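K.L.:
First the structure, which I've put down as structure tokens, then a few questions once you've had a look.
4 protein chains.
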Amino acid sequence: MFKLPKYIEPDFSQEMFINAPDAVLQEAPVDKAAPRNFHATSIYPEYFKIDGKWYLAEDSRMDCVPVFEDGKIYVREFRNLKKGDKCVVGRTENCEEGIYVHSDCFEKEEAAKAATFAFRQNRSRETGFSYDYKQLVELLKHEKENGGYVVWVLGPACSFDAKARENFAKLVENGYVNALLAGNALATHDLEGGLLGTALGMDIKDQSPHVDGHYNHLDTINLINTHGAIPKFIEEENITDGIMHACVKNNVPFVLNGSIRDDGPLPEVYEHTYEGQDTIRSHVRKATTIIGMATVLHTIATGNMTPTYRVLEDGTIRPLYFYMVDTSEFAANKLGDRGSLSAKGIVTNVQDFMTNLAIGLEL
Amino acid sequence: MFKLPKYIEPDFSQEMFINAPDAVLQEAPVDKAAPRNFHATSIYPEYFKIDGKWYLAEDSRMDCVPVFEDGKIYVREFRNLKKGDKCVVGRTENCEEGIYVHSDCFEKEEAAKAATFAFRQNRSRETGFSYDYKQLVELLKHEKENGGYVVWVLGPACSFDAKARENFAKLVENGYVNALLAGNALATHDLEGGLLGTALGMDIKDQSPHVDGHYNHLDTINLINTHGAIPKFIEEENITDGIMHACVKNNVPFVLNGSIRDDGPLPEVYEHTYEGQDTIRSHVRKATTIIGMATVLHTIATGNMTPTYRVLEDGTIRPLYFYMVDTSEFAANKLGDRGSLSAKGIVTNVQDFMTNLAIGLEL
Amino acid sequence: MFKLPKYIEPDFSQEMFINAPDAVLQEAPVDKAAPRNFHATSIYPEYFKIDGKWYLAEDSRMDCVPVFEDGKIYVREFRNLKKGDKCVVGRTENCEEGIYVHSDCFEKEEAAKAATFAFRQNRSRETGFSYDYKQLVELLKHEKENGGYVVWVLGPACSFDAKARENFAKLVENGYVNALLAGNALATHDLEGGLLGTALGMDIKDQSPHVDGHYNHLDTINLINTHGAIPKFIEEENITDGIMHACVKNNVPFVLNGSIRDDGPLPEVYEHTYEGQDTIRSHVRKATTIIGMATVLHTIATGNMTPTYRVLEDGTIRPLYFYMVDTSEFAANKLGDRGSLSAKGIVTNVQDFMTNLAIGLEL
Amino acid sequence: MFKLPKYIEPDFSQEMFINAPDAVLQEAPVDKAAPRNFHATSIYPEYFKIDGKWYLAEDSRMDCVPVFEDGKIYVREFRNLKKGDKCVVGRTENCEEGIYVHSDCFEKEEAAKAATFAFRQNRSRETGFSYDYKQLVELLKHEKENGGYVVWVLGPACSFDAKARENFAKLVENGYVNALLAGNALATHDLEGGLLGTALGMDIKDQSPHVDGHYNHLDTINLINTHGAIPKFIEEENITDGIMHACVKNNVPFVLNGSIRDDGPLPEVYEHTYEGQDTIRSHVRKATTIIGMATVLHTIATGNMTPTYRVLEDGTIRPLYFYMVDTSEFAANKLGDRGSLSAKGIVTNVQDFMTNLAIGLEL
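Protein chains in written order, with our numbering: chain C, 5 to 367; chain S, 5 to 367; chain X, 5 to 367; chain F, 5 to 367.
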């Protein structure tokens, strides 16, 4: 049923491409800085003409610098630039300076559908979402069957309810989760749920407050830190349910990034912000679908490094889908101005979102 | 499984009640105005001592005036007062002036649960809601089996999605809806869905825009007005699905109230604001559970005239439950400061809320 | 400094206009309904060719039906149609059926500015607003000096703070308010402030709760209803400040519309929804600038009947400006999809908005 | 006019204190973990009885562990605990285990005012704020005259408008800012404004888009990184206005914390999350008033480490005031459940908030 739209290769035999000059390369003057007039990448596929040949930046992200190295275009964050890196300069997008930004690159089923997406960019509490659920269910099945890589980005609200934890665990167990990106709080409250049955001291089954419950998340952190690692804590404290438990048991990699709001942190948390960013990107580089739930910080962080396309190992190019689920329109639409059909906001509570997905996937 | 908490009758043999003076009655000086120092009712059961006997206001609502007439206490809006109505005056609540406000009147299962509700009054996107769903499913089953009267209050967002319309229709068909309160827009867009498959011109199945779709709701209104009544329109235009269709086919009464935002209005819409209010209250007087979805205007209107208790025909007194579902915390909590365990906010999209309910009720 | 953009008259000597057929007129089949295929008006100036001559709908609003009568185009709500009214039919906009919608009708200073507005339609907490303040201050001065008609639409939040009431009163006293549109609650709480120094029982100067303060708005309503009219209440109870006081003293007309949420209502409140709508439109027909503050219901109601242009008495055509001020982006942008440069959202608290305006206007 | 409320010293001659046992100290079992049953601190002053003497934790914050060392109580984050640290254990608060939490510790002017604050904890768009402005203006004057330490926490929205940048600069220049806490984005967009007159490419004076403006923040970052330091960039690129410029010129320390959402980062940004936290706390340890504006991440981070009191150098104890300004109620109230009179939410746009403050302070 579900079909990925096909990539439209640029026709390099066109005059525009043939007559284009080579892209100009200039060296980064110091570490962490590009030459003036550097080209910055977008979320779209971009081609650069070097020695008469057009190179695709295979692994791109927006607001970075294309660097030519070892016969390949690398898309590098400013902080990762080294003095002497050969950076593409020029800010045109239609071959004038040997740079081509291919923004309209996937086949559309029908003109009508194309119009739809343009119109629907801004989504609100008054948008109908059942079509999105249907599409997403089909997409997830497709990803599972075809070796896709689905990255989930979770905010702490995903762990405050017993059923929500259960539903996410089912997604993991059934192979719909290839990586989990989150923060210290998600892991803490999920593991508090596994250890003590609460989140921030409230019972995750019936929301009743436990006695001295405000100690529960601190006791959880302290016990994990005493054990020294989340898997060891899960093992030795006999944790048998929840999000982190499912990831550990099913060998799904998780990336926990620290923030200045954290208690703790737990042992696995990345303490260095940009090491954390690099680790997120290491998963985004493989991602074919990304779903952000109830976290602006982590979803935007991930979205910032997510292009609209993925070059698969066999060289084919496909869309990279991005969903953002939040009760707040401001959050759900925050990535919407990326101008891409692949970033869709769904305005709802993530607990219900996961219930709906679980039903759609027959979990 | 589900058990209604018992009503705690005041113990009128206590000195406080025995020693209380009779409540003072004074006549309304003109139509639509009470005497100075009038007593205003609350959401709780209130008793008034008249000629030595304590009378319960059986059918109360907040911010109104208790009037003694024909051996009974009537709770009357200011606008419905007539010159000469015998109004209770006095603003104390503990028998000092013959008035007793019985705010803590239902048995609580356990102290812990009581504490829960106090703590949970303010509900957010970070509250766990699966317990509320469970409770609500049990409550709705109880209401259906025991002759309860469930009033639903719907905003237009309930009609913008095919599945949401379908789910609400199922609730109606299966006997979980005793009355529908809504506005002109809900009926218009639902019937636009039935006639043309759109809401405000967007396809309710896949959100694609129809050609000239901005005419669709106007064409719908115009056709209904040409027919002169919603049931006639449904009949003659062969409408076979949706919210209004389900109500008409299942003889569920609907009350449509006009507002100054309306197009139209449709023929059944109450054009006079306070006739509309009186009609809402005629349903609230029977209600045992009220569920407001995605409308601040109509839900607050209904909530304003809803007490925490219902006197059944056999004289027993039970809680009246009130839920408010909205993606906005501001809306979901707007009735929360009523200080009652019966007003619960659920922060989510109503489409998902209905899906969840339908599943819980096995529809 | 401030200059109104000029209206661009269509060039009726163009072939498109000359070759256009006459618009087709058909009779309304019954009261309150138009013929099938009726034309619905937009927010833009529209011209209709009748007997070879192009007529402008001088006093338009969206989603209504153009009716030709007595040599003039009237733009009539469905509910105001009478059987036999001669309605324009046809849904094209470029002369194909004798209908011309003139959407791009005001001169733009520069191309860059034009682009700006397109880009800025969606405004958020992260938009800079000081330019809007500057523009609005200039606009209000222009309106005052040139006989403009400035309509203010106020939600109850405008009356909850002493300084906000004071600032609005200054706007009235200094001639910046030509009409006030609001609901029962705005008038009630403002007059509660004048009578008892509170709004919903909280002190409007320091937000401290008054003893028995929950009676204050009811006492206010009751006293007004006892007097029978707001001006009489102001006179006899010696109210000396606030919004309603300023309007009454300065002969600024106020329109109070009822809603199903109301207590009361106060004597001047329109009880019939569509009489109320007609009264709002009677002010909109004169308006040159409209500013909605902290009310979705009343601002959208007003916005729905507001076109982008005003035909002045001397026949010149100018833009009609519309501002909507709210802390919620959803509210502030609700009219933004009208596609017009004249509907601008400002995301802030109305108290601060009024302070800023008062300073800008040197009040 | 403004008077700080007095601290109420506990009366240690009371039996409760005299009969209390010594607090139990246990050693941290490993680095970064406390012994089981550790005591966790609150936002209130806490006293611990050790060797018969009551010690105040002078420099506290919530959710940390009291450690006795060198005759003093240190309040230490879990991550800063070292194996062998002598931690207080016990979870009672009224001397039962030698621990006393002094939650009601400042004199209240009058009972009525006390009630006020309890009632007002949850603040919304419908709260009157002019009293808060008045109080805050007096507080800031008091702080300036009496050597207070005012910490400002700014989100990027503070830099998107020319007037907002100007107003904050005035606060700095006039001595109302003792430290600035922010993130990479605030500094980037403020300096983009100084360099190119835009924020994210939109003109900060009139919101018009600049040509190729999406490069502006990247060009700014790149140029700063080329210079290697913000002060050097300001110097060499002749930046003459804005927030960062004012801080640099007036020797106001600024702390920029990185987050995983960042571009860049700028050279001064803390890359290690918990070094950043420690640096924030180094300013909180001196703070007497903290004002968070339009940033949930940084304000909550700061709020988490802020107690309700400050022990001054001369040993006197005073309240530590905390304000949080945001258009979103969710954000503005996020710290409100801390149960303290010192955390106040103001629901408005920070641009207007600063204008209002500047006027109040006659800047």
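Virtual Cβ for every residue (Gly too), placed ideally from N, Cα, C.
All figures in this text were calculated on a predicted structure; none of them were measured in a lab.
1) Given a threshold of 16 other Cβ atoms within 10 Å of its Cβ, counted over all protein chains shown, does P70 (chain X) qualify as buried or as exposed?
2) W2 (chain S) and I295 (chain S) look like a contact to me (Cβ under 8 angstroms); what is the Cβ gap, rounded to whole Å?
3) Which residue comes first and which comes last in the alpha helix (DSSP H) that contains E130 (chain F)?
4) Kindly indicate which three-state DSSP category L378 (chain X) falls into: helix, strand or coil?
5) Who are the neighbours of K36 (chain S) on chain X, taking C-beta pairs under 7 angstroms?
6) So, at 6 angstroms on beta carbons, what are the nonlocal neighbours of A191 (chain S) in its own chain, with the 5 sequence-adjacent residues on each side left out?
7) Specify the secondary structure class of A347 (chain S) as computed by DSSP and reduced to three states.
8) Is it buried or exposed for P49 (chain X), if we count other Cβ within 10 angstroms and need 16 for buried?
9) So what's K90 (chain F) in DSSP terms, helix, strand or just coil?
10) Looking at the unbroken beta strand (DSSP E) that takes in D330 (chain S), where does it start and where does it end?
11) Since A186 (chain F) and F237 (chain F) should fall inside the 8 angstroms C-beta cutoff, what is the C-beta to C-beta distance between them, to a whole number of angstroms?
12) Can you tell me whether DSSP reads F6 (chain S) as helix, strand or coil?
13) Could you tell me whether any Cβ in chain C is nearer than 9 angstroms to the Cβ of F334 (chain X)?
14) Are the C-beta atoms of N261 (chain F) and some chain S residue less than 9 angstroms apart?
15) Below 7 angstroms CB to CB, which residues in the same chain sit around M358 (chain F) once its five sequence neighbours on both sides are set aside?
16) Using the three-state DSSP reduction, which class does G364 (chain C) fall into: helix, strand or coil?
17) Helix, strand or coil: which one does DSSP assign to T293 (chain X)?
18) With the cut-off set at 9 angstroms, would you say S263 (chain X) and L301 (chain X) are in Cβ contact?
19) Beta-carbon within less than 6 angstroms of L158 (chain C)'s beta-carbon, same chain only, minus the 5 sequence neighbours each way: which residues are those?
20) In terms of residue numbering, what span does the beta strand (DSSP E) encompassing I77 (chain S) cover?
21) With a cut-off of 8 angstroms, do at least 3 Cβ pairs link the stretch 267-287 of chain X to the stretch 40-56 of chain X?
22) Nearest chain C C-beta to A116 (chain X) closer than 9 angstroms, yes or no?
23) Taking DSSP as the reference, what is the three-state secondary structure of I22 (chain F)?
24) Determine the chain S residues that contact N188 (chain C) at a beta-carbon separation under 8 angstroms, and present them in chain order.
25) Show which residues of chain X have a CB atom less than 7 angstroms away from the CB atom of Q281 (chain S).
26) Considering only residues of the same chain and omitting the five flanking positions on each side of N23 (chain X), which have a CB-CB separation below 6 angstroms?
27) Flag this pair as yes or no: are the beta carbons of T292 (chain F) and Y325 (chain F) separated by less than 9 angstroms?
28) Would you mind sorting V354 (chain S) into buried or exposed? The rule is 16 or more other CB atoms within 10 Å of its CB.
29) Comparing the C-beta of D67 (chain X) with each C-beta of chain S, is any distance below 9 angstroms?
30) Which residues, in order along the stretch 156-176 of chain X, keep a beta-carbon less than 8 angstroms from a beta-carbon of chain F?
31) Closer than 7 angstroms by beta-carbon distance: list the chain C residues that pair up with N308 (chain F), in chain order.
32) Excluding sequence positions up to five away, which residues of its chain have a Cβ less than 7 angstroms from the Cβ of C99 (chain C)?
33) Within 10 Å of its beta-carbon, does L200 (chain C) have 16 or more other beta-carbons around it, so buried, or fewer, so exposed?
34) In the DSSP assignment, find the unbroken beta strand (DSSP E) run with R314 (chain S) in it and report its ends.
35) Which same chain residues end up closer than 8 angstroms to T320 (chain F) when comparing Cβ atoms and leaving out the 5 residues on each side of it in sequence?
36) State the Cα-Cα distance for the pair I234 (chain X) and G197 (chain X), rounded to the nearest angstrom.
P.N.:
Put simply:
1) Along the third sequence, read from residue 1 onward, the residue named residue 70 (chain X) stands at position 66. With 16 or more Cβ atoms within 10 Å of its Cβ, P70 (chain X) is classed as buried.
2) In the structure as shown, chain S begins at 5 and stops at 367. Residue 2 (chain S) is therefore absent and cannot be evaluated.
3) Here residue 130 (chain F) refers to the residue found at position 126 when the fourth sequence is read from its first residue. First-last for E130 (chain F): undefined, no H or E at that position.
4) Past the edges of chain X, shown from 5 to 367, lies residue 378 (chain X), and the structure says nothing about it.
5) Sequence index remark: in the second sequence, residue 36 (chain S) carries index 32 (1-based). Here the neighbours are N229.
6) Along the second sequence, read from residue 1 onward, the residue named residue 191 (chain S) stands at position 187. The answer, listed in chain order, is M248, L260 and L270.
7) Here residue 347 (chain S) corresponds to residue number 343 of the second sequence, with the count starting at 1. Strand at A347 (chain S).
8) As a first step, residue 49 (chain X) must be located in the third sequence, where it is residue number 45. Classification for P49 (chain X): buried.
9) On the fourth sequence, position 86 is the one that residue 90 (chain F) refers to. Strand.
10) Counting from one through the second sequence, the residue named residue 330 (chain S) turns up at place 326. D330 (chain S) -> beta strand (DSSP E) spans Y325 to D330.
11) Translated into the one-based positions of the fourth sequence, residue 186 (chain F) becomes position 182. Translated into the one-based positions of the fourth sequence, residue 237 (chain F) becomes position 233. A186 (chain F) to F237 (chain F), Cβ: 16 angstroms. No contact.
12) As a position in the second sequence, residue 6 (chain S) is number 2, starting the count at 1. Three-state DSSP puts F6 (chain S) in coil, outside helix and strand.
13) Counting from one through the third sequence, the residue named residue 334 (chain X) turns up at place 330. True, the Cβ-Cβ gap to chain C drops below 9 angstroms.
14) One-based indexing of the fourth sequence puts residue 261 (chain F) at position 257. Chain S contact via Cβ: absent.
15) Working through the fourth sequence from its first residue, we reach residue 358 (chain F) at position 354. Once the five neighbours on either side are set aside, the close Cβ partners of M358 (chain F) are A168, N171 and F172.
16) Here the question's residue 364 (chain C) lines up with position 360 in the first sequence. G364 (chain C) falls in the helix class under three-state DSSP.
17) Along the third sequence, one-based indexing puts residue 293 (chain X) at 289. In the structure shown, T293 (chain X) sits in a strand (DSSP, three-state: E or B).
18) What you label residue 263 (chain X) is simply residue 259 of the third sequence in a count that begins at 1. What you label residue 301 (chain X) is simply residue 297 of the third sequence in a count that begins at 1. Result yes, Cβ atoms of S263 (chain X) and L301 (chain X) sit closer than 9 angstroms.
19) By one-based count along the first sequence, residue 158 (chain C) stands at place 154. Only A186, L190 and M297 meet the Cβ criterion.
20) On the second sequence, residue 77 (chain S) is found 73 positions in, with the first residue counted as 1. Taken as a continuous stretch (DSSP letters only), the beta strand (DSSP E) holding I77 (chain S) covers K76 to R80.
21) Between the stretch 267-287 of chain X and the stretch 40-56 of chain X there are fewer than three inter-stretch CB-CB distances shorter than 8 angstroms, so the stretches are not counted as touching.
22) Reading the third sequence from its first residue, position 112 is the one you call residue 116 (chain X). Confidence in A116 (chain X) is poor, its pLDDT being 44 and thus under 50, which makes the residue's placement too unreliable to answer from.
23) For the purposes of this step, residue 22 (chain F) is identified with residue 18 of the fourth sequence, where counting begins at 1. I22 (chain F): helix per DSSP, three-state reduction.
24) On the first sequence, position 184 is the one that residue 188 (chain C) refers to. Think of a sphere of 8 angstroms around the beta carbon of N188 (chain C): no beta carbon from chain S falls inside it, the nearest being about 16 angstroms out.
25) Position 277 of the second sequence, counted from the first residue, corresponds to residue 281 (chain S). I264, listed in chain order.
26) Position 19 of the third sequence, counted from the first residue, corresponds to residue 23 (chain X). Within the same chain, N23 (chain X) has no close Cβ partners at all.
27) As a working mapping, residue 292 (chain F) is identified with position 288 in the fourth sequence. As a working mapping, residue 325 (chain F) is identified with position 321 in the fourth sequence. Yes, the Cβ-Cβ distance between T292 (chain F) and Y325 (chain F) is below 9 angstroms.
28) Here residue 354 (chain S) corresponds to residue number 350 of the second sequence, with the count starting at 1. V354 (chain S) is buried by the Cβ-count criterion.
29) For the purposes of this step, residue 67 (chain X) is taken as residue 63 along the third sequence, with counting starting at 1. By this cut-off, D67 (chain X) is an interface position.
30) P160, A161, F164, D165, A166, K167 and A168
31) Working through the fourth sequence from its first residue, we reach residue 308 (chain F) at position 304. The answer, in chain order, is R265.
32) Taking the first sequence and counting its residues from 1, one reaches residue 99 (chain C) at position 95. Correct list, in chain order: M20, F21 and A24.
33) On the first sequence, position 196 is the one that residue 200 (chain C) refers to. The residue is buried, with at least 16 neighbouring Cβ atoms inside 10 Å.
34) Along the second sequence, read from residue 1 onward, the residue named residue 314 (chain S) stands at position 310. Residues Y313 to V315.
35) Looking up residue 320 (chain F) in the fourth sequence gives position 316. So the qualifying residues of the chain are Y11.
36) As a working mapping, residue 234 (chain X) is identified with position 230 in the third sequence. As a working mapping, residue 197 (chain X) is identified with position 193 in the third sequence. About 14 angstroms.
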